[in-house]
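A quick write-up on the structure given underneath.
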Amino acid sequence: MMVGLPARGKTYMARKLARYLHWIGIKTKVFNVGDYRRDAVKFYAGKEFFDPDNAEAVAIRNQCAQNALEDMCNFLQNEGEVAIFDATNTTRERRRTIYNCCTETYCFRVFFVESICDSQEVIEANIREVKLKSPDYKDIPQAEAVEDFLSRIELYEKQYEPIDDKIEEKHYSFIKIYNCGERFLVHKIGGNIQSRVVYFLMNIHVLPRTIYLTMHGESEMNVQQRIGRNSPLSPTGKASYHDLVARLESVIMELERAENVLVITHQAVIRCILAYFLDKDPERLPYMKVPLHTVIKLTPMAYGCMMERIPLSFEATNTNRSKLKNCEPNLAVVEALNEFPRVRPEIKIGPRTTQVIYQNTGTAFETTDAHGNRIQRMDSTISDVTWDNSFPSVHDSNI
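Add 35 to a position in the sequence shown, counting from 1, and you land on the number used in this note's numbering.
Shown next, in the form of structure tokens:
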């Protein structure tokens with residue numbers, strides 16, 4: 036549960052935390068009470084809507100919070116594992132109500148994340164970068180929006196009660212984050228997920244920055260549409276994208292701590308990083324497009340991440356593969372080959388060259404002269420072909 040005054044980075048942290056948990060395989064969803072309010076009140080009524088003395092507005096806001104709470108509990112009762120209740124939750128009464136509902140009615144574990152900030156510079160930067168881009172201030176002049184939002188903060192300050200770790204709320208599990216990461220107070224942490232949440236929150240910051248991703252240069256294997264010539268992996272050496280995500284968790288923490296940074300790495304690693312920042316489902320990982328000779332620019336924002344592809348002035352082979360239409364394990368060999376694009380490498384070595392051409396319909400042994408003219412061709416279905424590793428694929432002897 037998020038806690039804190041407006042413009043303290045709560046929504047930014049909530050959404051980043053949800054992306055992180057989703058990325059490591061934990062079903063997570065953010066329930067933003069502001070979204071429920073915007074659905075209930077179609078047009079923003081101004082700062083007066085947040086006045087604690089406005090009884091009608093208070094009733095609407097309480098009902099929105101209740102609706103969000105019910106949806107959150109329903110999510111956790113069914114497919115969800117972690118839910119983030121994104122709201123100010125500035126009073127002890129509100130926190131007590133939510134805590135009792137979650138622990139007594141549903142037996143859920145509750146963890147509070149309170150963001151405390153007294154740095155005017157950080158608050159103003161957060162207002163400019165985040166709040167002015169929120170749906171509340173769409174088509175409103177910037178100066179007017181800033182003035183209105185600062186007035187909203189003053190109204191919340193009248194009723195704000197920080198989490199009391201001494202008496203009334205000392206039984207809660209929580210983390211207090213001061214000035215977006217200058218200092219932390221961690222209290223009564225229990226369990227693996229809460230520990231990972233704390234670890235993540237202690238590594239992020241809300242300052243603007245840019246991340247650049249790019250692959251290595253085009254290789255000969257890329258040109259031939261082939262994967263490298265390494266020996267086959269043993270059963271213990273095989274890895275999936277899920278395993279790669281687990282190994283990259285520390286890299287993600289370093290990227291969260293960093294400011295502007297350039298990462299040059301393998302296509303699979305870039306896919307995992309993109310899936311984290313763009314909040315993509317794990318099953319989409321192998322098919323995310325990561326072209327050669329292209330710089331991918333990521334700009335993390337409060338409500339997501341902006342991506343821009345910057346192609347370099349070099350042509351490159353397309354190394355991306357679309358998702359196969361038929362992935363049945365008992366698929367016939369010929370049908371399986373039809374799922375892949377035709378690949379025919381060009382070889383021009385020696386006066387006579389024999390090459391094996393894998394096509395959609397089978398396999399062909401073809402002999403050509405030094406100029407590429409075909410001398411002999413033998414076609415076969417894939418089931419009739421065996422290959423002796425000792426036979427050289429390129430030779431100068433007569434055939």
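For each residue, glycine too, the CB sits at the ideal point set by N, CA and C.
Just so we're clear, the structure is a prediction, and the values are computed from it rather than from any experiment.
Count Cβ pairs between the segment 300-313 and the segment 203-216 that sit closer than 8 Å; are there 3 or more? No: the two stretches stay apart, fewer than three of their Cβ pairs being nearer than 8 Å.
Under a Cβ-count criterion, where at least 16 other Cβ atoms within 10 Å of its own Cβ denotes burial, should T46 be classed as buried or exposed? Taking the first residue of the sequence shown as 1, we reach residue 46 at position 11. Classification for T46: buried.
In three-state terms, what does DSSP make of H277? In the sequence shown, counting from the first residue as 1, residue 277 sits at position 242. DSSP places H277 in helix when its eight states are reduced to three.
Would you say R244 and N295 are within 8 Å of each other, going by their C-beta atoms? Indexing the sequence shown from 1 puts residue 244 at position 209. Indexing the sequence shown from 1 puts residue 295 at position 260. Yes.
Alpha-carbon to alpha-carbon, V280 and V391: The sequence position of residue 391 within the sequence shown is 356, counting from 1. The sequence position of residue 280 within the sequence shown is 245, counting from 1. For V391, the predicted model reports a pLDDT of 43, less than 50, meaning its position is unreliable; a value from the coordinates is still stated below. Annotation: V391 to V280 spans about 36 Å, alpha carbon to alpha carbon.
Can you give me the C-alpha to C-alpha distance between L10 and H301, rounded to a whole angstrom? Nothing about residue 10 can be read from this structure; the chain reaches only from 36 to 434.
Which runs of the alpha helix (DSSP H), 4 residues or longer, sit entirely within the segment 226-250? Segments of the alpha helix (DSSP H) lying fully in the segment 226-250: 227-236.
Report, in whole angstroms, the separation of the C-beta atoms of N124 and M37, which I expect to be a contact under 8 Å. In the sequence shown, residue 124 corresponds to position 89, counting from 1. In the sequence shown, residue 37 corresponds to position 2, counting from 1. The pair is a contact, with the Cβ atoms about 7 Å apart (cut-off 8 Å).
Quick check for students: name the residue ranges of the beta strand (DSSP E) that lie wholly in the segment 134-217, counting only runs of 3 or more. Annotation note: the segment 134-217 contains the following uninterrupted beta strand (DSSP E) runs of length 3 or greater, listed N- to C-terminal: 146-151, 208-213.
Quick one: any contact between the segment 78-86 and the segment 102-112, if contact means 3 or more CB pairs under 8 Å? Inter-segment contact for the segment 78-86 and the segment 102-112 is absent: fewer than three beta-carbon pairs are separated by less than 8 Å.
Quick one: what's got a C-beta closer than 6 Å to V241's C-beta in the same chain, skipping five residues either side? Taking the first residue of the sequence shown as 1, we reach residue 241 at position 206. Hits under 6 Å: G44, Y47, C215.
Selection from Y234, Y322, L320 that minimises the alpha carbon distance to S285: Along the sequence shown, read from residue 1 onward, the residue named residue 285 stands at position 250. Here the closest residue by C-alpha is Y234.
Out of A90, V93, E128, G81, point me to the one whose CA is closest to K173's CA. Counting from 1 along the sequence shown, the entry for residue 173 is found at position 138. Closest option to K173, Cα to Cα, is G81.
Starting from N67 and walking both ways along the beta strand (DSSP E), at which residues does that stretch end? In the sequence shown, counting from the first residue as 1, residue 67 sits at position 32. Counting along the chain, the unbroken beta strand (DSSP E) around N67 starts and ends at 63-67.
Can you grab the Cα-Cα spacing for the pair E217 / R292, in whole Å? Your numbering for residue 217 matches position 182 in the sequence shown. Your numbering for residue 292 matches position 257 in the sequence shown. Pairing E217 with R292, the inter-Cα distance amounts to about 13 Å.
Rounded to the nearest angstrom, what separates G60 and Y276 at their Cα positions? Position 25 of the sequence shown, counted from the first residue, corresponds to residue 60. Position 241 of the sequence shown, counted from the first residue, corresponds to residue 276. If you take the alpha carbons of G60 and Y276, they lie about 12 Å apart.
Nearest candidate by alpha-carbon position, reference H222, set Q229, S230, S208: The count along the sequence shown starts at 1 and reaches residue 222 at position 187. When only C-alpha atoms are compared, the closest one is S208.
Which whole runs of the alpha helix (DSSP H) in the segment 62-134 are 4 residues long or more, in chain order? Complete alpha helix (DSSP H) runs here, min 4: 68-75, 90-112.
Unbroken stretches of the alpha helix (DSSP H), 4 residues or longer, contained in the segment 298-355: Those alpha helix (DSSP H) runs which fall completely within the segment 298-355 and span 4+ residues are 302-313.
Starting from R48 and walking both ways along the alpha helix (DSSP H), at which residues does that stretch end? Reading the sequence shown from its first residue, position 13 is the one you call residue 48. Before going on, a small fix: residue 48 reads as Met here, not Arg. If you look at M48, you'll find it in the alpha helix (DSSP H) that goes 45-58.
Considering M288, what are the terminal residues of the alpha helix (DSSP H) in which it resides? Here residue 288 refers to the residue found at position 253 of the sequence shown. 284-292 is the span of the alpha helix (DSSP H), which, as asked, contains M288.
Only counting the same chain, and skipping five residues up and downstream in sequence, which positions put a Cβ closer than 8 Å to that of L190? Start at 1 with the first residue of the sequence shown, and residue 190 comes out as number 155. The residues K82, F85, D86, P87, in chain order, have a CB closer than 8 Å to that of L190 in the same chain once the five nearest residues on each side in sequence are set aside.
When DSSP labels each residue in this structure, what does M36 get in the three-state scheme? Here residue 36 corresponds to residue number 1 of the sequence shown, with the count starting at 1. Coil at M36, not helix or strand.
Shortest alpha-carbon distance to E97 belongs to which of I133, E114, T63, K77? For the purposes of this step, residue 97 is taken as residue 62 along the sequence shown, with counting starting at 1. Checking the sequence, you will find Asn at residue 97 rather than Glu. It is I133 whose Cα lies nearest to the Cα of N97.
Check whether chain C comes within 8 Å of S285, counting only Cβ atoms and requiring the distance to be less than that. Absent from the structure is chain C; it holds one protein chain and no more.
If you draw a straight line from the alpha carbon of K168 to that of Q177, how long is it in whole angstroms? For the purposes of this step, residue 168 is taken as the residue at position 133 of the sequence shown. For the purposes of this step, residue 177 is taken as the residue at position 142 of the sequence shown. Using only the alpha carbons, I get a separation of about 10 Å.
Please name the residue in Y71, T329, V145, E164 whose C-alpha comes closest to that of V232. Here the question's residue 232 lines up with position 197 in the sequence shown. The shortest Cα separation from V232 among Y71, T329, V145, E164 belongs to V145.
Buried/exposed call for L52, threshold 16 Cβ in 10 Å: Stepping through the sequence shown from its first residue, residue 52 is reached at position 17. The residue is buried, with at least 16 neighbouring Cβ atoms inside 10 Å.
Nearest to V117 by CA position, among M288, Y71, K64, R163, is which residue? Position 82 of the sequence shown holds residue 117. V117 has its Cα closest to that of K64, out of M288, Y71, K64, R163.
Cβ neighbour criterion (16 or more within 10 Å) applied to N353: Within the sequence shown, numbered from 1, the residue matching residue 353 stands at position 318. By the neighbour-count rule (16 or more Cβ atoms within 10 Å), N353 is not buried but exposed.
Buried or exposed by the 16-neighbour rule on C-beta atoms within 10 Å, applied to D278: Taking the first residue of the sequence shown as position 1, residue 278 is located at position 243. Exposed, because fewer than 16 other Cβ atoms sit within 10 Å of the Cβ of D278.
Whole angstroms are fine: how far does the CA of M250 sit from the CA of A303? Taking the sequence shown and counting its residues from 1, one reaches residue 303 at position 268. Taking the sequence shown and counting its residues from 1, one reaches residue 250 at position 215. Looking at the two C-alpha atoms, the distance is approximately 10 Å.
Closest by C-alpha distance to F219, when choosing among K193, V157, C152: By one-based count along the sequence shown, residue 219 stands at place 184. F219 has its Cα closest to that of C152, out of K193, V157, C152.
Thinking C-alpha only, which one of R54, N135, A42 is nearest G339? In the sequence shown, counting from the first residue as 1, residue 339 sits at position 304. Of R54, N135, A42, the smallest CA-CA separation from G339 is found for R54.
Which one of K205, K62, M288, E203 has the shortest CA to CA distance from E114? What you label residue 114 is simply residue 79 of the sequence shown in a count that begins at 1. Residue K62 is the option with its Cα nearest to E114.
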